[in-house]
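Listed in order, the protein sequences are those of chains S and P. Here the first sequence stands for residues 355 to 750, numbered as in this note's numbering. Here the second sequence stands for residues 355 to 750, numbered as in this note's numbering.
Protein chains: 2
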Amino acid sequence: MNEQTNTLNTGPTVGQVKKQTFTFGQTGEELTLDCGRTLAPVSLAFETCGTLNKTKSNAILICHALTGDSHVAGFYSPDDNKPGWWDLMVGPGKPIDTNKYFVICSNVIGGCMGSTGPVSRNAATNKPYGTDFPVVTIGDMVECQRRLIDSLDIDKLLAVIGGSVGGMQVLEWSVRYPDRVCAALPLATTTKHSAQAIAFNEVARQAIMADPTWNQGNYYETGRPEHGLAVARMIGHITYLSDESMRHKFDRKLQDRCEFSFDFEADFQVESYLRYQGNKFVDRFDANSFLYLTKAADYFNLENAYGEGSLMAAFSRARCRYLVISFTSDWLYPTYQSKTMVKAMKKNGLDVSFCEIEAPWGHDAFLLPNERLNNLLSGFLDRVRAECVRGDTDAI
Amino acid sequence: MNEQTNTLNTGPTVGQVKKQTFTFGQTGEELTLDCGRTLAPVSLAFETCGTLNKTKSNAILICHALTGDSHVAGFYSPDDNKPGWWDLMVGPGKPIDTNKYFVICSNVIGGCMGSTGPVSRNAATNKPYGTDFPVVTIGDMVECQRRLIDSLDIDKLLAVIGGSVGGMQVLEWSVRYPDRVCAALPLATTTKHSAQAIAFNEVARQAIMADPTWNQGNYYETGRPEHGLAVARMIGHITYLSDESMRHKFDRKLQDRCEFSFDFEADFQVESYLRYQGNKFVDRFDANSFLYLTKAADYFNLENAYGEGSLMAAFSRARCRYLVISFTSDWLYPTYQSKTMVKAMKKNGLDVSFCEIEAPWGHDAFLLPNERLNNLLSGFLDRVRAECVRGDTDAI
């Protein structure tokens with residue numbers, strides 16, 4: 355860690371959560387991105403829960419999904435009634451037990467939740483970057499996270515855990531920095547997007563870019579492309595659920611009416627739900643950021659980046675234990691994609707556990723209460739802890 | 355047929371196809387729609403191929419899918435190089451053999467391919483209806499088709515055939531006018547949209563309505579919502595293919611480049627393809643019509659319309675033979691939905707053949723070359739012909 359160029363701004367400790375910002379590259383060590391461009395300074399918003407032990411061997415990095423943020427668990431204050439996005443899983447006594455582990459979660463570069471992204475001020479123009487922001491990759495995200503981990507003086511992460519686009523970051527960590535990860539837990543994810551997954555992202559991007567208020571990405575002073583972003587979110591939302599879960603949740607039930615409207619209002623509950631989800635998303639998310647993050651997910655291709663087209667070659671770099679989990683009804687990243695990665699891992703003689711969990715809730719299943727998921731994660735982490743945490747397993 | 359109020363305008367016979375318009379309600383017999391509103395006059399663009407036999411017992415009505423038209427087969431002239439949309443299936447010596455059958459296909463009400471719809475002139479205002487056009491249903495479409503069939507003096511159709519939203523019309527015909535259909539062939543269809551299918555349609559509609567040029571449907575003098583309609587089409591297009599077919603067709607192949615662009619141009623072939631499909635669609639289709647036709651599909655619910663919530667009760671009205679066909683990779687109207695209708699038909703003791711065809715091409719499979727589909731259709735029609743065509747089976 356270079357004290358001159360890296361800064362850790364520790365904010366107030368609120369509740370169980372430490373909300374912080376890490377900045378690097380102010381006076382050097384600029385970030386060279388996969389696209390070839392450089393970026394500086396770069397800030398990452400991050401939060402931690404639990405306590406780092408003396409040997410710094412109990413740290414778990416959690417990587418958030420596409421539109422997530424660093425607020426993974428807990429509340430900011432006693433009055434706060436909205437917990438972090440994976441509060442079900444992370445906290446004292448929970449499967450990722452913050453009595454045992456020091457949990458770190460940072461907002462990705464390109465995001466809009468406190469880390470440097472298209473909404474950030476471009477020092478060269480003193481305006482938000484907009485689409486002048488460089489296109490970032492999953493590799494770039496992980497590179498930034500590595501610098502954050504360096505700044506915390508953590509040599510080796512006990513585990514990296516994440517679902518969906520977070521799972522891509524987990525996979526990237528495991529082959530990019532094989533000596534810095536004891537265990538990797540990629541959930542509901544893939545080593546590369548299918549054509550169908552790219553297609554959904556592309557249509558969502560087109561919905562944003564078709565909105566005239568998007569204005570080639572320069573909308574921060576003129577008003578945001580709310581309609582386009584809402585449609586983009588609605589498209590995404592369908593892919594996070596499943597035929598079965600939508601039938602259970604909505605079927606053909608009407609919304610606040612007994613008969614069809616015979617107009618273009620929301621007749622069905624599922625229509626009303628999607629409109630609500632679209633509008634709610636617009637309040638919290640930046641449209642350009644959505645473009646950048648979906649593009650990063652589409653570009654991700656582990657076999658090309660590390661194996662010259664061979665997934666087996668890519669995983670030959672890995673040294674960690676893996677727990678790979680897929681869900682039966684996830685049609686965005688179907689089980690066959692997890693099986694492909696598991697096969698390539700196993701051919702390299704790696705220590706791999708794989709489970710396809712029976713769940714009707716679609717891709718979102720990894721975020722929902724699931725006893726089987728809880729048991730798999732806590733059991734696997736217990737084993738990794740016994741094998742890898744040094745010195746002070748029982749007393750931090 | 356009322357000669358005073360109904361008009362058949364027979365256009366020139368071009369190639370093998372007769373392009374015609376049927377209009378009713380000019381001086382009475384206005385159409386009362388399911389929404390309760392009335393509409394007059396109503397025109398249906400329709401085409402015929404083949405020759406109606408003397409007993410008028412060899413007529414087959416083909417119902418087009420969501421954005422189809424009456425041009426089902428053949429060419430308009432020797433110079434025409436774009437055949438009708440189901441030319442693979444319909445024509446002399448083809449599975450729906452126009453040497454044997456008189457084929458009729460009409461554009462649905464609400465459409466924009468020559469039949470009365472939102473783009474038509476509203477006599478009350480002398481402007482296009484726009485969203486003043488009443489919301490129509492699959493039942494209304496079939497009611498108009500029935501009047502067309504009346505005008506041709508055909509008592510009983512030998513068969514009604516259609517895929518997707520065309521299949522909904524087939525099902526509607528079979529229970530609405532049980533005495534007027536010998537055989538019904540619903541392909542790749544459903545008796546009611548799932549929540550997921552409604553969701554996709556709703557997002558597509560939202561994409562159109564979010565386009566400011568849509569202007570509440572009043573855009574005919576100010577310019578069409580091309581961006582919104584293109585996005586809507588792209589969404590639809592994904593649902594017509596399958597994960598597997600997109601992988602076969604595009605996988606992650608790049609479009610006219612060897613490396614990522616690191617911008618928001620179309621990097622992948624699948625992106626380029628979707629943009630092309632979206633833009634091409636805009637040239638031929640009306641945005642309001644898309645709203646109306648998707649809404650009609652979402653409203654369709656055979657069990658509620660005819661069985662007070664029981665599909666078995668709905669099919670108790672039917673008298674025809676059925677050939678029901680689904681495709682393994684169709685995830686818009688999955689096989690389980692066909693099986694549900696087949697079960698309800700069989701419980702009524704109806705003569706039902708059902709086949710799930712192994713095909714990787716998704717929902718669109720019914721439109722693609724498929725030997726199995728050809729054989730099933732021609733074989734089934736041969737049997738129906740032997741049982742139902744009167745008098746002149748071999749010589750028309």
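C-beta: ideal position from N, C-alpha, C; glycine also.
Which of helix, strand or coil DSSP assigns to residue i
| i | result |
| --- | --- |
| A477 (chain P) | coil |
| F554 (chain P) | helix |
| C675 (chain P) | A small fix is needed here, since residue 675 (chain P) is Arg in this sequence, not Cys. Of the three classes helix, strand and coil, the one that applies to R675 (chain P) here is strand, per DSSP. |
| N728 (chain P) | helix |
| I503 (chain S) | helix |
| A740 (chain P) | helix |
| S460 (chain P) | strand |
| A659 (chain P) | helix |
| F619 (chain S) | The amino acid occupying residue 619 (chain S) in the given sequence is Glu; Phe does not appear at that position. Of the three classes helix, strand and coil, the one that applies to E619 (chain S) here is coil, per DSSP. |
| K372 (chain S) | strand |
| I515 (chain S) | strand |
| F613 (chain P) | Before going further, note that residue 613 (chain P) is Glu rather than Phe in the sequence given. If DSSP states are grouped into helix, strand and coil, E613 (chain P) belongs with coil. |
| A427 (chain P) | coil |
| E383 (chain P) | coil |
| S397 (chain S) | strand |
| G445 (chain S) | strand |
Where residue i meets chain P, residues with beta-carbon distance less than 7 Å
| i | result |
| --- | --- |
| H581 (chain S) | A564 |
| C389 (chain S) | F616 |
Beta carbon of residue i nearer than 7 Å to that of residue j
| i | j | result |
| --- | --- | --- |
| L628 (chain P) | A553 (chain S) | yes |
| T491 (chain S) | A650 (chain S) | yes |
| S643 (chain S) | C466 (chain S) | yes |
| I458 (chain P) | T543 (chain P) | no |
| D652 (chain S) | N555 (chain S) | yes |
| F720 (chain P) | T421 (chain P) | no |
| L645 (chain P) | R559 (chain P) | yes |
| P472 (chain S) | Y455 (chain S) | no |
| I414 (chain P) | A513 (chain P) | yes |
| K546 (chain P) | N702 (chain P) | no |
| A561 (chain S) | A561 (chain P) | yes |
| C536 (chain P) | V696 (chain P) | no |
Alpha carbon of residue i to alpha carbon of residue j, nearest angstrom
| i | j | result |
| --- | --- | --- |
| M426 (chain P) | S460 (chain S) | In the sequence on display, residue 426 (chain P) carries Val and not Met. Cα to Cα, V426 (chain P) sits roughly 57 Å from S460 (chain S). |
| V585 (chain P) | W685 (chain S) | 22 Å |
| G390 (chain S) | G745 (chain S) | 42 Å |
| I515 (chain P) | T377 (chain P) | 23 Å |
| V496 (chain P) | L385 (chain P) | 12 Å |
| A531 (chain S) | D388 (chain S) | Residue identity differs from the one stated: residue 531 (chain S) is Tyr in this sequence, not Ala. Cα to Cα, Y531 (chain S) sits roughly 16 Å from D388 (chain S). |
| V624 (chain P) | I450 (chain P) | 33 Å |
| C742 (chain P) | L511 (chain P) | 10 Å |
| G445 (chain P) | N435 (chain P) | 16 Å |
| T747 (chain P) | L406 (chain P) | In this prediction, T747 (chain P) has a pLDDT of 49, which is less than 50 and means its spatial position is unreliable; nothing more can be read from the coordinates. |
| G382 (chain S) | S474 (chain S) | 19 Å |
Residue nearest to residue i in terms of C-alpha spacing, selected from the options
| i | options | result |
| --- | --- | --- |
| M666 (chain S) | S:F614, S:V529, S:L731 and S:Y430 | S:V529 |
| V557 (chain P) | S:I711, S:S626 and S:D605 | S:S626 |
| E712 (chain P) | P:L727, P:H418 and P:K700 | P:L727 |
| L752 (chain S) | S:G716, S:S518 and S:L677 | Summary: the structure shown does not reach residue 752 (chain S), with chain S confined to residues 355 through 750, and so no result is reported for it. |
| N569 (chain S) | S:R601, S:G632, S:G521 and S:T485 | S:T485 |
| Q380 (chain S) | S:V396, S:R391 and S:G390 | S:V396 |
| L539 (chain P) | P:V524, P:H547, P:Y630 and P:Q691 | P:V524 |
| F756 (chain S) | S:A641, S:Y690, S:K693 and S:L704 | Lying before the first or after the last residue shown, residue 756 (chain S) is absent from chain S, which here runs from 355 to 750. |
| T470 (chain P) | P:L647, P:G520 and P:K700 | P:L647 |
| L735 (chain P) | P:R675, P:T682, P:Q691 and P:C709 | P:R675 |
| P432 (chain P) | P:V371, P:P688 and P:T682 | P:V371 |
| T375 (chain S) | S:G382, S:C612 and S:L398 | S:L398 |
| D507 (chain P) | P:E575, P:N412 and P:V706 | P:N412 |
| Y574 (chain P) | P:W439, P:S732, P:F708 and P:A641 | P:A641 |
| S518 (chain S) | S:A659, S:G382, S:T689 and S:K700 | S:T689 |
| K634 (chain S) | S:R611, S:E580, S:R671 and S:A478 | S:E580 |
Within chain P, the residues that residue i reaches when beta carbons sit closer than 9 Å
| i | result |
| --- | --- |
| K546 (chain S) | R606 |
| L393 (chain S) | What L393 (chain S) touches in chain P: nothing, since even the nearest Cβ is about 13 Å away. |
Within chain S, partners of residue i - CB distance below 9 Å
| i | result |
| --- | --- |
| Y653 (chain P) | F614, F616 and D621 |
Partner residues on chain S for residue i, Cβ-Cβ distance less than 7 Å
| i | result |
| --- | --- |
| C498 (chain P) | None at all; the shortest Cβ gap to chain S is about 17 Å. |
| D610 (chain P) | What D610 (chain P) touches in chain S: nothing, since even the nearest Cβ is about 16 Å away. |
Interface residues of chain S facing residue i [CB-CB closer than 8 Å]
| i | result |
| --- | --- |
| I589 (chain P) | V557 and I589 |
Residue i at chain C interface by Cβ criterion, 7 Å
| i | result |
| --- | --- |
| L628 (chain P) | Looking for chain C here will not work: the only protein chains present are S and P. |
Residue i Cβ short of 6 Å to the ligand ATP heavy atom set
| i | result |
| --- | --- |
| L393 (chain P) | Absent from the structure shown: the ligand ATP. Ligands present: none. |
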